[in-house]
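These protein sequence lines map, in sequence, to chains A and B.
No gaps in the numbering here: position 189 of the first sequence is 189 in the working numbering, and each next residue is one more.
No gaps in the numbering here: position 50 of the second sequence is 1050 in the working numbering, and each next residue is one more.
We put the beta carbon where it would ideally sit given N, CA and C, even for glycine.
There are 2 protein chains.
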Amino acid sequence: MNNDNIITLDHGGGGQASRELVELLLKHVPGQGGQCLQDAAVLAAPGPGQRLVFSTDSYIVDPIFFPGGDIGALAAHGTINDLAMRGARPIALSLAMILEEGLPLADLERIAKSIGEASARAAVPIVTGDTKVAPRGKVDKIFINTAGIGLIDASVDIGADKAQAGDVVLISGTIGDHGVTIMGGRAGIALRGDLRSDTTALHYFVARLIAAFPGAIHTLRDPTRGGVATALHELAEASDLAIEVEEESLPIRPSVRSACALLGLDPLWLANEGKCLIICQSDKAAAILTEMRLMPEGRDAALIGRAKPYQSSRVTLRTLLGGGRILSPLRGQPLPRIC
Amino acid sequence: MNNDNIITLDHGGGGQASRELVELLLKHVPGQGGQCLQDAAVLAAPGPGQRLVFSTDSYIVDPIFFPGGDIGALAAHGTINDLAMRGARPIALSLAMILEEGLPLADLERIAKSIGEASARAAVPIVTGDTKVAPRGKVDKIFINTAGIGLIDASVDIGADKAQAGDVVLISGTIGDHGVTIMGGRAGIALRGDLRSDTTALHYFVARLIAAFPGAIHTLRDPTRGGVATALHELAEASDLAIEVEEESLPIRPSVRSACALLGLDPLWLANEGKCLIICQSDKAAAILTEMRLMPEGRDAALIGRAKPYQSSRVTLRTLLGGGRILSPLRGQPLPRIC
């Protein structure tokens, strides 16, 4: 392969080649209002009463391209969603990439295009960035970090510790799609054609629900690494509650179910990248579910459980056979590089 | 080595081991006012008229420990300095680490301690974080990303494009220290004992100068990757000026000079991690220099050049022999993993 078509160490030196690399990226990630990516970007100040939210995530998913998305879209959506889960409106993202010497420029361009499109679709600009190059074999292809800033309106009070006994637990759609797609792709198993990552940005979806049902939504969480079981565990602990989940209510695609059976995985512990758990007032749950199902992100929304006072176990699953099974957080089953 | 003492893939799974890892980190990086690291942190809103600044950088320096610092201190200082160079007061950092399976926990703790101490010394809290684990051989030991948020007062107007013909160029201290320390360490050359990285946070230093000389400082820049020559090139271009540097005025430690001769490096293109270039009104330069030299960060400050109208070359060096030499930005001399 010609050196003109791959990342070289020169691209990481901070000189001329680094500038050319940034110019290539800027074709696809145009930044805020044509303002180019800079060492530090200046943003408009928030309005009175608004609070700032700040979040960061690194993405090391393997493979970097997968059905339904790629590491670029994932990096944009993931941090947008972390902000949205605090009830915030995301206003800016940073983008830092660590590239392996030898990475085809075509792959980098494809990823940059995907990030740029995700940012444009979400209307959350990428305002500042950084690129580094590591020698061959010192990083695997490309790792991406995004950090994000969001604003929370004064009236919004959503948090992991705000769930109450009597609340119900909703999920915005099917579970396990992202995790099983990545694991299946990596295992080289020919999976059914409709298996694909659910990676998407949820901030519009969440903002509409918060606006339509003021005060009714107590807790939001995107069940990424560790899946629904681990996320519910953390929420139950943060609010000092127990959560009971109805197995038969869990929305799971048949293709995910069969791929999980094949791979020996349980969808409850698999990463999702475009779903959210909502813990809300029970008397508003039906109306919230109806509203969720009106939006594409919530088409398969379901009520999956209830919050109760804590007694002896945090999260239990009522199985189809009527029995109860304790759901522990993910433990000793590492699914490396799922996001 | 026992598995209890190293990073394992379990630490990256998002489950119980991930929580234990976060708890270990929180011993050293306590976060804002005891608030623990969360997926997204809520910050107080800025005051009226203030603007937000947002910056990000990844750190992949090799070796991860070096005379004068380590990758942790570098990651805290580097992003603080990117904010400070916009005239901002840094208010929060994020911390995202990508760890290699097998990294000794003792190394991770040492780095976390260093970050925590740098953050505490600088009074810039780390408010949100993320950890990922990549399998052995897929990342080299540890890569760190920090992003940062700062506030700029309404009265401050500092930028790469604000330099004017007639301004002078100051540097806060000796050049090349960080770059030659890293390159020398990597080459395994026994360097003289006083060679050490200059990594430090510059926000107090810069804030004091801005407050003492309102409006006189037009441009600030930390000459990291690519060194002083590349930084001056970028500033000259952004302000559409030419910059003439006096070779004899450049503060360079004798030990850096001799190590550079040995390694075939030029300090003008070497990374600095605790220095800043200041382009300011010429009639205030003497007073600013005096003020700089009162602070430890500016003990070796010097006036090194002047900004002129652009004619044919951006940056020239007036040599000791009286000749002129064009300084290009770093080109084709990659110094990989210098920061």
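Segment limits, beta strand (DSSP E) that includes residue i
i	result
A/C280	L277 to C280
A/P309	A302 to P309
A/G337	The sequence given here places Arg at residue 337 of chain A; Gly does not occur at that position. Neither: A/R337 is in no beta strand (DSSP E) and is coded neither H nor E.
A/I171	V168 to I171
B/L1241	L1241 to E1246
A/G324	G324 to I326
A/I217	I217 to R221
Paired residues, beta bridge with residue i - DSSP
i	result
A/S94	A/T128 and A/A147
A/D194	Paired residue(s): none; A/D194 is not in a bridge.
A/A44	Beta-bridge pairing links A/A44 to no other residue.
B/I1152	B/R1051
B/L1099	B/V1133 and B/I1142
A/R89	A/L151
A/V70	This sequence places Asp at residue 70 of chain A; Val is not what is there. Paired residues: A/F65.
Residue range of the alpha helix (DSSP H) that includes residue i
i	result
B/T1008	Taken as a continuous stretch (DSSP letters only), B/T1008 belongs to no alpha helix (DSSP H), as it is neither H nor E.
A/L57	Here the sequence assigns Asp to residue 57 of chain A, which means Leu is not the residue at that position. Here A/D57 belongs to no alpha helix (DSSP H); instead the beta strand (DSSP E) covers R51 to Y59.
A/R208	H203 to A212
A/T316	Element bounds for A/T316: not the alpha helix (DSSP H) but the beta strand (DSSP E), V315 to R318.
B/L1110	Here residue 1110 of chain B turns out to be Arg, not Leu, going by the sequence shown. It spans L1105 to A1122 - the alpha helix (DSSP H) in which B/R1110 sits, taken as one unbroken run.
A/P30	Segment: none, A/P30 is in no alpha helix (DSSP H) and carries neither H nor E.
B/D1177	D1177 to A1187
B/S1258	P1254 to L1263
A/A234	Note that residue 234 of chain A corresponds to Glu in the displayed sequence, not to Ala. Run containing A/E234: G227 to A238, per the alpha helix (DSSP H) assignment.
A/I288	A285 to R293
Rounded separation between residue i and residue j - CA only
i	j	result
B/D1177	A/D161	48 Å
B/L1009	B/R1136	9 Å
A/Y133	A/G15	The sequence shown places Val at residue 133 of chain A, rather than the Tyr named in the question. For A/V133 and A/G15, the distance between alpha carbons rounds to 13 Å.
A/S197	B/P1030	35 Å
B/E1020	B/P1104	15 Å
A/Q50	B/L1250	47 Å
B/L1095	B/D1130	7 Å
A/A201	B/L1026	29 Å
B/A1302	B/D1283	15 Å
A/I274	A/L170	Reading off the sequence, residue 274 of chain A comes out as Gly, not Ile. Distance between the alpha carbons of A/G274 and A/L170: 14 Å.
B/V1061	B/L1265	18 Å
A/N272	B/L1024	27 Å
B/P1125	B/S1119	6 Å
B/I1279	A/T199	46 Å
B/R1225	A/E101	17 Å
A/V22	B/A1187	29 Å
B/G1323	B/A1231	22 Å
A/T174	A/A163	22 Å
B/P1254	B/L1277	21 Å
B/R1306	A/S18	26 Å
A/K216	B/A1041	The sequence given here places Ala at residue 216 of chain A; Lys does not occur at that position. In a straight line, the C-alpha of A/A216 is about 22 Å away from that of B/A1041.
A/A75	A/A106	18 Å
A/A165	A/L289	19 Å
Residue i and residue j closer than 8 Å at C-beta
i	j	result
B/H1203	B/R1089	yes
A/E244	A/R318	yes
A/D82	A/S55	yes
A/A285	A/G184	no
B/Q1311	B/D1167	no
B/V1315	B/A1229	yes
A/I210	A/L52	no
B/I1338	B/I1182	yes
A/L151	A/I80	no
B/D1070	B/I1111	yes
B/G1179	B/L1335	yes
B/P1046	A/A147	no
A/S155	A/E297	no
A/L93	A/L99	no
Can you list, in chain order, the residues of the segment 118-138 of chain A whose Cβ is nearer than 9 Å to any Cβ on chain B?
Within the segment 118-138 of chain A, the residues whose Cβ lies closer than 9 Å to some Cβ of chain B are V127, T128, G129, D130, T131, K132, V133, A134, P135, G137 and K138, listed in chain order.
So if I threshold CB-CB distances at 9 Å, which residues from the segment 1038-1056 of chain B count as touching chain A?
Q1038, D1039, A1040, A1041, V1042, L1043, A1044, A1045, P1046, G1047, P1048, G1049, Q1050, R1051, L1052, V1053, F1054, S1055 and T1056
Output, in sequence order along the chain, the residues in the segment 74-89 of chain A whose CB is closer than 8 Å to any CB in chain B.
D82, L83, M85, R86 and A88
Residues, ordered as in the chain, of the segment 1297-1317 of chain B that lie near chain A by beta-carbon distance below 7 Å:
none
Against chain A, which members of the segment 1002-1031 of chain B pass a CB distance test of less than 7 Å?
L1009, D1010, G1012, G1013, G1014, G1015 and Q1016
Within 7 Å of chain B by C-beta, residues of the segment 155-175 of chain A in sequence order
Under the 7 Å Cβ criterion, the segment 155-175 of chain A contributes no residue.
Which residues of the segment 1089-1100 of chain B have a Cβ closer than 8 Å to any Cβ of chain A? Give them in chain order.
A1092, S1094, L1095, A1096, M1097 and I1098
With 9 Å as the limit, tell me which residues of the segment 236-247 of chain A have their beta carbon closer than that to any beta carbon of chain B; keep them in chain order.
Listed in sequence order: no entries.
Taking a Cβ distance cut-off of 9 Å, strictly less, list which residues of the segment 1258-1273 of chain B are near chain A, in chain order.
W1269 and A1271
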